[in-house]
Amino acid sequence: MRSSSSLEQATHESKFFYGWAIVAVGFLAHIASAFSISSTLSVFLKPLSSDLGISRGVFSLIRSGEILIGAAAAPLVGTLIDRHGGRWLMAAGGLVSGAGFLLLGQSRDFWQFLFFRWLLVSPGDALMGSLVVNVSISRWFVRMRGRALALANMGHGLAKVGMPLLAASLIAYTGWRGAWGVFGLLTLGLVVGPSVLFMRRRPEDMGLVPDGRSSAQAEVAAPPNEGSSARSRRSASADVAWSRGEALRTSAFWLIVFTFGVAHVGVTGLNLHVFAFVSDQGHPAMVAAFVMSIIAFMQFSTPMIWGILAERSDLARLIMAKFLIQAVGILWALSGPGLFSLYGGFFLYGIGMGGTSILAEMIWANYFGRISLGKIRGLGSLLTSVFSAGGPPFFGLLFDYTQSYFLSFSIFIG
125 MRSSSSLEQA THESKFFYGW AIVAVGFLAH IASAFSISST LSVFLKPLSS DLGISRGVFS
185 LIRSGEILIG AAAAPLVGTL IDRHGGRWLM AAGGLVSGAG FLLLGQSRDF WQFLFFRWLL
245 VSPGDALMGS LVVNVSISRW FVRMRGRALA LANMGHGLAK VGMPLLAASL IAYTGWRGAW
305 GVFGLLTLGL VVGPSVLFMR RRPEDMGLVP DGRSSAQAEV AAPPNEGSSA RSRRSASADV
365 AWSRGEALRT SAFWLIVFTF GVAHVGVTGL NLHVFAFVSD QGHPAMVAAF VMSIIAFMQF
425 STPMIWGILA ERSDLARLIM AKFLIQAVGI LWALSGPGLF SLYGGFFLYG IGMGGTSILA
485 EMIWANYFGR ISLGKIRGLG SLLTSVFSAG GPPFFGLLFD YTQSYFLSFS IFIG
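Every letter in the sequence shown is one number past the one before it in my numbering, and letter 272, counting from 1, is 396.
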(Lines of atoms letter the chains of each structure in order from A and count residues from 1; the text may use other names and numbers.)
(Lines give C-alpha, C1' and ligand atoms only; values in the text may rest on other atoms or scores of the structure.)
Protein backbone atom coordinates (compact mmCIF):
# COMPACT_ATOMS: atom_id res chain seq x y z
CA MET A 1 0.00 0.00 0.00
CA ARG A 2 2.85 2.37 0.85
CA SER A 3 4.42 1.84 -2.56
CA SER A 4 1.09 2.61 -4.27
CA SER A 5 0.69 5.79 -2.20
CA SER A 6 4.24 6.84 -3.00
CA LEU A 7 3.60 6.23 -6.69
CA GLU A 8 0.45 8.36 -6.62
CA GLN A 9 2.24 11.16 -4.77
CA ALA A 10 5.14 11.12 -7.22
CA THR A 11 2.68 11.16 -10.12
CA HIS A 12 0.92 14.25 -8.82
CA GLU A 13 4.23 16.05 -8.29
CA SER A 14 5.43 15.25 -11.81
CA LYS A 15 4.31 16.73 -15.13
CA PHE A 16 4.49 13.23 -16.63
CA PHE A 17 1.05 11.75 -17.26
CA TYR A 18 0.90 8.26 -15.78
CA GLY A 19 -1.18 6.95 -18.68
CA TRP A 20 2.01 6.67 -20.71
CA ALA A 21 3.31 4.13 -18.18
CA ILE A 22 0.19 2.07 -18.95
CA VAL A 23 1.05 2.34 -22.64
CA ALA A 24 4.62 1.14 -21.96
CA VAL A 25 3.37 -1.93 -20.10
CA GLY A 26 0.97 -2.61 -22.97
CA PHE A 27 3.85 -2.35 -25.44
CA LEU A 28 5.76 -5.07 -23.55
CA ALA A 29 2.67 -7.28 -23.26
CA HIS A 30 2.07 -7.00 -27.01
CA ILE A 31 5.63 -8.19 -27.63
CA ALA A 32 5.04 -11.21 -25.39
CA SER A 33 1.72 -12.01 -27.07
CA ALA A 34 3.58 -12.45 -30.37
CA PHE A 35 5.30 -15.58 -29.01
CA SER A 36 2.16 -17.60 -29.74
CA ILE A 37 0.85 -16.12 -33.00
CA SER A 38 0.61 -18.05 -36.26
CA SER A 39 3.72 -16.58 -37.88
CA THR A 40 5.80 -17.65 -34.87
CA LEU A 41 4.18 -21.07 -34.60
CA SER A 42 4.76 -21.71 -38.31
CA VAL A 43 8.54 -21.68 -37.74
CA PHE A 44 8.11 -24.66 -35.40
CA LEU A 45 5.98 -26.65 -37.86
CA LYS A 46 8.64 -28.88 -39.44
CA PRO A 47 10.85 -29.71 -36.41
CA LEU A 48 7.92 -30.19 -34.06
CA SER A 49 5.87 -32.27 -36.51
CA SER A 50 8.89 -34.47 -37.20
CA ASP A 51 9.76 -35.03 -33.54
CA LEU A 52 6.20 -35.66 -32.38
CA GLY A 53 5.17 -37.67 -35.45
CA ILE A 54 2.16 -35.65 -36.59
CA SER A 55 0.97 -34.38 -39.96
CA ARG A 56 0.79 -30.73 -40.91
CA GLY A 57 -2.98 -30.96 -40.98
CA VAL A 58 -3.07 -32.09 -37.37
CA PHE A 59 -0.55 -29.40 -36.45
CA SER A 60 -2.85 -26.71 -37.89
CA LEU A 61 -5.51 -27.64 -35.32
CA ILE A 62 -3.45 -25.83 -32.70
CA ARG A 63 -4.41 -22.35 -33.88
CA SER A 64 -8.03 -23.23 -34.64
CA GLY A 65 -8.52 -24.37 -31.07
CA GLU A 66 -6.74 -21.30 -29.70
CA ILE A 67 -8.99 -18.92 -31.62
CA LEU A 68 -12.07 -20.63 -30.18
CA ILE A 69 -10.62 -20.61 -26.65
CA GLY A 70 -9.85 -16.90 -26.91
CA ALA A 71 -13.34 -16.21 -28.23
CA ALA A 72 -15.01 -18.16 -25.41
CA ALA A 73 -12.92 -16.39 -22.77
CA ALA A 74 -13.44 -12.85 -24.10
CA PRO A 75 -16.80 -12.01 -22.43
CA LEU A 76 -15.59 -13.18 -19.01
CA VAL A 77 -12.25 -11.39 -19.39
CA GLY A 78 -14.07 -8.22 -20.44
CA THR A 79 -16.25 -8.30 -17.33
CA LEU A 80 -13.21 -8.84 -15.11
CA ILE A 81 -11.48 -5.82 -16.67
CA ASP A 82 -14.47 -3.61 -15.85
CA ARG A 83 -14.56 -4.82 -12.25
CA HIS A 84 -10.88 -5.12 -11.37
CA GLY A 85 -8.80 -3.50 -14.10
CA GLY A 86 -5.95 -5.08 -16.01
CA ARG A 87 -3.22 -5.18 -13.36
CA TRP A 88 -3.73 -8.62 -11.83
CA LEU A 89 -5.31 -10.05 -14.98
CA MET A 90 -2.16 -9.32 -16.96
CA ALA A 91 0.12 -10.56 -14.19
CA ALA A 92 -1.85 -13.81 -13.95
CA GLY A 93 -1.88 -14.15 -17.73
CA GLY A 94 1.87 -13.67 -17.96
CA LEU A 95 2.43 -16.21 -15.19
CA VAL A 96 0.12 -18.84 -16.70
CA SER A 97 1.28 -18.31 -20.28
CA GLY A 98 4.96 -18.24 -19.26
CA ALA A 99 4.56 -21.50 -17.36
CA GLY A 100 2.80 -22.98 -20.38
CA PHE A 101 5.69 -22.10 -22.68
CA LEU A 102 8.18 -23.67 -20.27
CA LEU A 103 6.11 -26.86 -20.20
CA LEU A 104 5.81 -26.95 -24.01
CA GLY A 105 9.52 -27.67 -24.12
CA GLN A 106 8.97 -30.73 -21.93
CA SER A 107 6.31 -32.27 -24.20
CA ARG A 108 7.03 -35.81 -25.35
CA ASP A 109 3.73 -36.41 -27.18
CA PHE A 110 1.50 -34.16 -29.24
CA TRP A 111 -1.40 -34.48 -26.82
CA GLN A 112 0.83 -33.04 -24.11
CA PHE A 113 1.83 -30.15 -26.37
CA LEU A 114 -1.81 -29.49 -27.22
CA PHE A 115 -2.78 -29.73 -23.54
CA PHE A 116 -0.24 -27.07 -22.51
CA ARG A 117 -1.11 -24.77 -25.44
CA TRP A 118 -4.86 -24.94 -24.97
CA LEU A 119 -5.11 -25.02 -21.17
CA LEU A 120 -2.20 -22.75 -20.22
CA VAL A 121 -0.79 -20.67 -23.08
CA SER A 122 -4.13 -19.76 -24.68
CA PRO A 123 -5.94 -18.75 -21.45
CA GLY A 124 -2.83 -16.84 -20.39
CA ASP A 125 -2.81 -14.98 -23.68
CA ALA A 126 -6.47 -14.07 -23.19
CA LEU A 127 -5.67 -12.53 -19.80
CA MET A 128 -2.66 -10.49 -20.95
CA GLY A 129 -3.53 -9.93 -24.61
CA SER A 130 -4.95 -7.20 -26.79
CA LEU A 131 -8.41 -7.11 -25.19
CA VAL A 132 -7.03 -6.34 -21.72
CA VAL A 133 -4.27 -4.03 -22.95
CA ASN A 134 -6.44 -1.97 -25.30
CA VAL A 135 -9.35 -1.59 -22.88
CA SER A 136 -6.93 -0.53 -20.13
CA ILE A 137 -5.33 2.09 -22.38
CA SER A 138 -8.71 3.35 -23.59
CA ARG A 139 -9.64 4.07 -19.97
CA TRP A 140 -6.64 6.38 -19.58
CA PHE A 141 -7.03 8.30 -22.84
CA VAL A 142 -9.89 9.94 -24.72
CA ARG A 143 -8.50 12.75 -26.87
CA MET A 144 -5.11 11.06 -27.35
CA ARG A 145 -6.53 7.55 -27.50
CA GLY A 146 -5.44 6.97 -31.08
CA ARG A 147 -1.75 7.65 -30.55
CA ALA A 148 -1.73 5.82 -27.20
CA LEU A 149 -3.21 2.67 -28.73
CA ALA A 150 -0.86 3.00 -31.69
CA LEU A 151 2.25 3.19 -29.50
CA ALA A 152 1.27 0.09 -27.54
CA ASN A 153 0.31 -1.89 -30.63
CA MET A 154 3.66 -1.12 -32.22
CA GLY A 155 5.05 -3.65 -29.75
CA HIS A 156 3.10 -6.39 -31.52
CA GLY A 157 4.17 -5.09 -34.92
CA LEU A 158 7.82 -4.95 -33.89
CA ALA A 159 7.66 -8.50 -32.54
CA LYS A 160 5.87 -9.73 -35.65
CA VAL A 161 8.71 -8.42 -37.83
CA GLY A 162 11.48 -10.02 -35.78
CA MET A 163 9.85 -13.05 -34.18
CA PRO A 164 10.23 -15.55 -37.06
CA LEU A 165 13.97 -14.79 -37.23
CA LEU A 166 14.32 -15.03 -33.45
CA ALA A 167 12.40 -18.31 -33.34
CA ALA A 168 14.44 -19.79 -36.19
CA SER A 169 17.70 -18.76 -34.51
CA LEU A 170 16.66 -20.23 -31.15
CA ILE A 171 15.61 -23.50 -32.79
CA ALA A 172 18.97 -23.68 -34.59
CA TYR A 173 20.96 -23.17 -31.38
CA THR A 174 18.76 -24.74 -28.67
CA GLY A 175 16.24 -26.93 -30.52
CA TRP A 176 12.51 -26.30 -30.57
CA ARG A 177 12.13 -27.34 -26.93
CA GLY A 178 14.72 -24.83 -25.78
CA ALA A 179 13.12 -22.10 -27.88
CA TRP A 180 9.80 -22.48 -26.06
CA GLY A 181 11.67 -22.31 -22.77
CA VAL A 182 13.24 -18.99 -23.74
CA PHE A 183 9.82 -17.65 -24.74
CA GLY A 184 8.49 -18.70 -21.34
CA LEU A 185 11.20 -16.81 -19.46
CA LEU A 186 10.74 -13.75 -21.66
CA THR A 187 6.99 -13.78 -21.05
CA LEU A 188 7.48 -13.86 -17.29
CA GLY A 189 9.96 -10.99 -17.47
CA LEU A 190 8.07 -8.80 -19.93
CA VAL A 191 4.60 -9.11 -18.42
CA VAL A 192 4.43 -10.20 -14.77
CA GLY A 193 6.74 -7.68 -13.10
CA PRO A 194 5.76 -4.59 -15.13
CA SER A 195 2.04 -5.36 -14.72
CA VAL A 196 2.22 -5.68 -10.94
CA LEU A 197 4.43 -2.63 -10.53
CA PHE A 198 2.88 -0.16 -12.95
CA MET A 199 -0.61 -1.13 -14.17
CA ARG A 200 -3.51 0.82 -12.65
CA ARG A 201 -7.22 0.49 -13.34
CA ARG A 202 -8.14 4.05 -14.35
CA PRO A 203 -6.84 7.60 -13.87
CA GLU A 204 -9.56 8.52 -11.37
CA ASP A 205 -8.16 5.93 -8.93
CA MET A 206 -4.99 8.05 -8.77
CA GLY A 207 -6.76 11.39 -8.62
CA LEU A 208 -6.17 12.03 -12.34
CA VAL A 209 -8.35 12.47 -15.41
CA PRO A 210 -7.91 11.01 -18.92
CA ASP A 211 -5.14 12.46 -21.11
CA GLY A 212 -3.54 14.23 -18.13
CA ARG A 213 -5.79 17.26 -18.33
CA SER A 214 -7.00 19.10 -15.27
CA SER A 215 -10.56 18.51 -14.12
CA ALA A 216 -11.56 21.95 -15.44
CA GLN A 217 -10.06 21.20 -18.84
CA ALA A 218 -11.84 17.86 -18.96
CA GLU A 219 -15.20 19.53 -18.38
CA VAL A 220 -14.93 22.37 -20.90
CA ALA A 221 -12.68 20.94 -23.64
CA ALA A 222 -14.33 20.89 -27.02
CA PRO A 223 -14.03 17.90 -29.32
CA PRO A 224 -11.50 18.24 -32.15
CA ASN A 225 -14.04 17.89 -34.95
CA GLU A 226 -17.78 17.87 -35.44
CA GLY A 227 -18.22 14.67 -37.42
CA SER A 228 -19.77 11.41 -36.24
CA SER A 229 -16.47 10.55 -34.59
CA ALA A 230 -16.72 13.72 -32.50
CA ARG A 231 -20.27 12.91 -31.45
CA SER A 232 -19.13 9.47 -30.35
CA ARG A 233 -16.28 11.11 -28.47
CA ARG A 234 -18.72 13.31 -26.56
CA SER A 235 -20.86 10.33 -25.60
CA ALA A 236 -17.76 8.47 -24.51
CA SER A 237 -16.67 11.35 -22.27
CA ALA A 238 -20.00 11.11 -20.45
CA ASP A 239 -19.03 7.55 -19.42
CA VAL A 240 -22.51 6.06 -19.50
CA ALA A 241 -22.74 2.51 -18.15
CA TRP A 242 -24.03 -0.10 -20.59
CA SER A 243 -25.40 -3.57 -19.96
CA ARG A 244 -24.78 -6.29 -22.52
CA GLY A 245 -28.47 -6.34 -23.36
CA GLU A 246 -28.53 -2.60 -24.02
CA ALA A 247 -25.50 -2.86 -26.27
CA LEU A 248 -27.00 -5.79 -28.18
CA ARG A 249 -30.09 -3.70 -28.91
CA THR A 250 -28.10 -0.97 -30.63
CA SER A 251 -27.54 -1.01 -34.37
CA ALA A 252 -24.03 0.35 -33.79
CA PHE A 253 -22.94 -2.80 -31.94
CA TRP A 254 -23.99 -5.08 -34.79
CA LEU A 255 -22.61 -2.76 -37.46
CA ILE A 256 -19.17 -2.80 -35.80
CA VAL A 257 -19.27 -6.58 -35.30
CA PHE A 258 -20.36 -7.28 -38.87
CA THR A 259 -17.94 -4.78 -40.45
CA PHE A 260 -14.84 -6.02 -38.68
CA GLY A 261 -16.03 -9.63 -38.50
CA VAL A 262 -16.38 -9.96 -42.26
CA ALA A 263 -13.05 -8.20 -42.71
CA HIS A 264 -11.41 -10.68 -40.33
CA VAL A 265 -12.56 -13.57 -42.51
CA GLY A 266 -10.46 -12.15 -45.30
CA VAL A 267 -7.53 -11.09 -43.11
CA THR A 268 -7.07 -14.41 -41.30
CA GLY A 269 -7.56 -16.37 -44.51
CA LEU A 270 -5.18 -14.26 -46.56
CA ASN A 271 -2.51 -14.09 -43.85
CA LEU A 272 -2.38 -17.88 -43.66
CA HIS A 273 -2.39 -18.44 -47.42
CA VAL A 274 -0.34 -15.49 -48.73
CA PHE A 275 2.91 -17.50 -48.69
CA ALA A 276 1.31 -20.25 -50.78
CA PHE A 277 -0.31 -17.66 -53.07
CA VAL A 278 3.08 -16.16 -53.95
CA SER A 279 4.74 -19.59 -54.29
CA ASP A 280 1.98 -20.83 -56.61
CA GLN A 281 2.88 -18.06 -59.05
CA GLY A 282 6.31 -19.63 -59.50
CA HIS A 283 8.26 -17.38 -57.17
CA PRO A 284 10.88 -18.86 -54.81
CA ALA A 285 10.32 -19.13 -51.08
CA MET A 286 12.50 -16.09 -50.38
CA VAL A 287 10.19 -13.90 -52.45
CA ALA A 288 7.17 -15.19 -50.53
CA ALA A 289 8.98 -14.55 -47.25
CA PHE A 290 9.86 -11.03 -48.38
CA VAL A 291 6.21 -10.33 -49.19
CA MET A 292 5.28 -11.38 -45.65
CA SER A 293 8.04 -9.14 -44.29
CA ILE A 294 6.66 -6.19 -46.26
CA ILE A 295 3.23 -6.72 -44.72
CA ALA A 296 4.67 -7.07 -41.22
CA PHE A 297 6.91 -4.00 -41.55
CA MET A 298 4.09 -1.77 -42.77
CA GLN A 299 1.85 -3.12 -40.02
CA PHE A 300 4.54 -2.08 -37.54
CA SER A 301 5.45 1.31 -39.01
CA THR A 302 2.05 2.87 -39.78
CA PRO A 303 -0.12 2.59 -36.60
CA MET A 304 0.97 6.01 -35.28
CA ILE A 305 -0.17 7.65 -38.52
CA TRP A 306 -3.52 5.87 -38.27
CA GLY A 307 -3.84 6.77 -34.59
CA ILE A 308 -3.27 10.50 -35.11
CA LEU A 309 -5.62 10.52 -38.11
CA ALA A 310 -8.26 8.78 -35.97
CA GLU A 311 -8.04 11.56 -33.40
CA ARG A 312 -8.50 14.29 -36.01
CA SER A 313 -10.75 12.77 -38.67
CA ASP A 314 -14.18 11.28 -39.00
CA LEU A 315 -13.64 7.71 -37.80
CA ALA A 316 -16.24 6.05 -40.04
CA ARG A 317 -14.73 7.57 -43.17
CA LEU A 318 -11.23 6.63 -42.03
CA ILE A 319 -12.31 3.00 -41.60
CA MET A 320 -13.73 3.01 -45.13
CA ALA A 321 -10.43 4.45 -46.40
CA LYS A 322 -8.52 1.67 -44.63
CA PHE A 323 -10.61 -1.02 -46.30
CA LEU A 324 -10.27 0.72 -49.67
CA ILE A 325 -6.46 0.78 -49.37
CA GLN A 326 -6.43 -2.95 -48.61
CA ALA A 327 -8.78 -3.72 -51.49
CA VAL A 328 -6.66 -1.74 -53.96
CA GLY A 329 -3.56 -3.53 -52.67
CA ILE A 330 -5.03 -7.00 -53.18
CA LEU A 331 -6.37 -6.02 -56.62
CA TRP A 332 -2.89 -4.81 -57.57
CA ALA A 333 -1.30 -8.05 -56.33
CA LEU A 334 -3.77 -10.05 -58.43
CA SER A 335 -3.18 -7.95 -61.55
CA GLY A 336 -0.12 -9.92 -62.65
CA PRO A 337 2.59 -12.35 -61.57
CA GLY A 338 5.39 -9.78 -61.68
CA LEU A 339 7.34 -8.77 -58.59
CA PHE A 340 6.35 -5.10 -58.91
CA SER A 341 2.65 -5.89 -58.56
CA LEU A 342 3.29 -8.32 -55.71
CA TYR A 343 5.48 -6.00 -53.69
CA GLY A 344 3.41 -2.91 -54.44
CA GLY A 345 0.09 -4.61 -53.76
CA PHE A 346 1.09 -6.10 -50.44
CA PHE A 347 2.82 -2.84 -49.48
CA LEU A 348 -0.59 -1.15 -49.70
CA TYR A 349 -2.27 -4.08 -47.97
CA GLY A 350 0.22 -3.75 -45.09
CA ILE A 351 -0.54 -0.04 -44.74
CA GLY A 352 -4.22 -0.89 -44.33
CA MET A 353 -3.40 -3.64 -41.85
CA GLY A 354 -1.55 -1.08 -39.73
CA GLY A 355 -4.84 0.64 -38.97
CA THR A 356 -6.96 -2.43 -38.24
CA SER A 357 -6.49 -2.76 -34.50
CA ILE A 358 -6.29 0.98 -33.82
CA LEU A 359 -9.49 1.89 -35.66
CA ALA A 360 -11.44 -1.05 -34.25
CA GLU A 361 -10.50 -0.20 -30.67
CA MET A 362 -11.20 3.48 -31.25
CA ILE A 363 -14.72 2.97 -32.55
CA TRP A 364 -15.65 0.60 -29.71
CA ALA A 365 -14.30 2.97 -27.06
CA ASN A 366 -15.63 6.15 -28.65
CA TYR A 367 -19.15 4.79 -28.94
CA PHE A 368 -19.57 2.83 -25.69
CA GLY A 369 -17.37 4.91 -23.38
CA ARG A 370 -14.99 3.76 -20.63
CA ILE A 371 -17.15 2.35 -17.83
CA SER A 372 -18.52 -0.77 -19.54
CA LEU A 373 -15.96 -1.03 -22.32
CA GLY A 374 -14.54 -4.35 -21.09
CA LYS A 375 -17.78 -6.32 -21.16
CA ILE A 376 -18.95 -4.76 -24.44
CA ARG A 377 -15.58 -5.22 -26.10
CA GLY A 378 -15.38 -8.80 -24.81
CA LEU A 379 -18.77 -9.65 -26.27
CA GLY A 380 -17.80 -8.07 -29.58
CA SER A 381 -14.54 -10.01 -29.59
CA LEU A 382 -16.43 -13.28 -29.12
CA LEU A 383 -18.56 -12.61 -32.19
CA THR A 384 -15.78 -11.31 -34.45
CA SER A 385 -13.60 -14.29 -33.49
CA VAL A 386 -16.27 -16.61 -34.89
CA PHE A 387 -15.78 -14.87 -38.24
CA SER A 388 -11.99 -15.06 -37.85
CA ALA A 389 -12.05 -18.80 -37.28
CA GLY A 390 -13.81 -19.27 -40.61
CA GLY A 391 -11.24 -17.40 -42.70
CA PRO A 392 -8.48 -20.02 -43.13
CA PRO A 393 -10.79 -22.94 -44.04
CA PHE A 394 -12.85 -20.67 -46.32
CA PHE A 395 -9.75 -19.75 -48.35
CA GLY A 396 -8.48 -23.33 -48.24
CA LEU A 397 -11.73 -24.93 -49.39
CA LEU A 398 -12.14 -22.45 -52.24
CA PHE A 399 -8.61 -23.25 -53.34
CA ASP A 400 -9.33 -26.99 -53.22
CA TYR A 401 -12.40 -26.42 -55.39
CA THR A 402 -10.87 -24.00 -57.93
CA GLN A 403 -7.13 -24.77 -57.59
CA SER A 404 -6.58 -21.02 -57.41
CA TYR A 405 -6.70 -18.23 -54.83
CA PHE A 406 -8.20 -15.78 -57.32
CA LEU A 407 -11.81 -16.36 -56.21
CA SER A 408 -11.16 -16.12 -52.46
CA PHE A 409 -8.97 -13.02 -52.85
CA SER A 410 -11.60 -11.43 -55.12
CA ILE A 411 -14.32 -12.08 -52.53
CA PHE A 412 -12.07 -10.44 -49.93
CA ILE A 413 -11.82 -7.34 -52.14
CA GLY A 414 -15.61 -7.17 -52.33
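All residues carry an ideal CB built from backbone N, CA and C; glycine is no exception. Since the model is a prediction, treat every value here as computed from it, not as a measurement.
In the three-state reduction of the DSSP assignment, residue 301 falls in the helix class, which pools H, G and I. The C-alpha of residue 258 is placed about 27 angstroms away from the C-alpha of residue 289.
Per DSSP, residue 383 is one residue of the alpha helix (DSSP H) stretching across 375-404. Shown here, residue 426 sits in coil according to DSSP, grouped into three states, outside any helix or strand. Judged by their CB atoms, residue 283 and residue 397 are not nearer to each other than the 8 angstroms cut-off. Residue 231 carries a coil assignment under DSSP once its states are collapsed to helix, strand and coil. With respect to residue 178, residue 234 sits close: the two C-beta atoms are nearer than 8 angstroms.
Ranking 507, 531, 265 and 518 by CA distance to the CA of residue 192 puts 507 first. Annotation for residue 482: 270, 273, 274, 277, 427, 430, 431 and 434 place their beta carbon closer than 7 angstroms to its own, counting only its chain and skipping 5 residues before and after. For the 8 angstroms CB-CB criterion, residue 281 and residue 377 do not form a contact. Residue 158 is a Cβ neighbour of residue 164, given a cutoff of 8 angstroms. At a Cβ-Cβ threshold of 8 angstroms, residue 244 and residue 229 do not count as neighbours. The C-beta of residue 438 has 16 or more other C-beta atoms within 10 Å across all chains shown, which makes the residue buried. Between residue 368 and residue 209, the gap from beta carbon to beta carbon reaches 8 angstroms or more. Residue 484 counts as buried, since no fewer than 16 other beta carbons sit within 10 angstroms of its beta carbon. Apart from sequence neighbours up to five positions away, the residues of its chain that approach residue 402 with a beta-carbon distance below 8 angstroms are 411, 412, 415 and 466, ordered along the chain. Segment contact: the segment 290-297 against the segment 515-528, fewer than three CB-CB distances shorter than 8 angstroms; contact not assigned. When secondary structure is reduced to three states using DSSP, residue 154 falls in the helix class.
DSSP places residue 365 outside both helix and strand once states are collapsed to three, so it counts as coil.
Judged by beta-carbon spacing, residue 219 lies within the 8 angstroms limit of residue 316, meaning their Cβ atoms are closer than that value. Out of 534, 144 and 533, the CA that lies nearest to the CA of residue 332 is found in 144. Shortest Cα-Cα distance from residue 404 to any of 516, 188, 461 and 306 involves 461.
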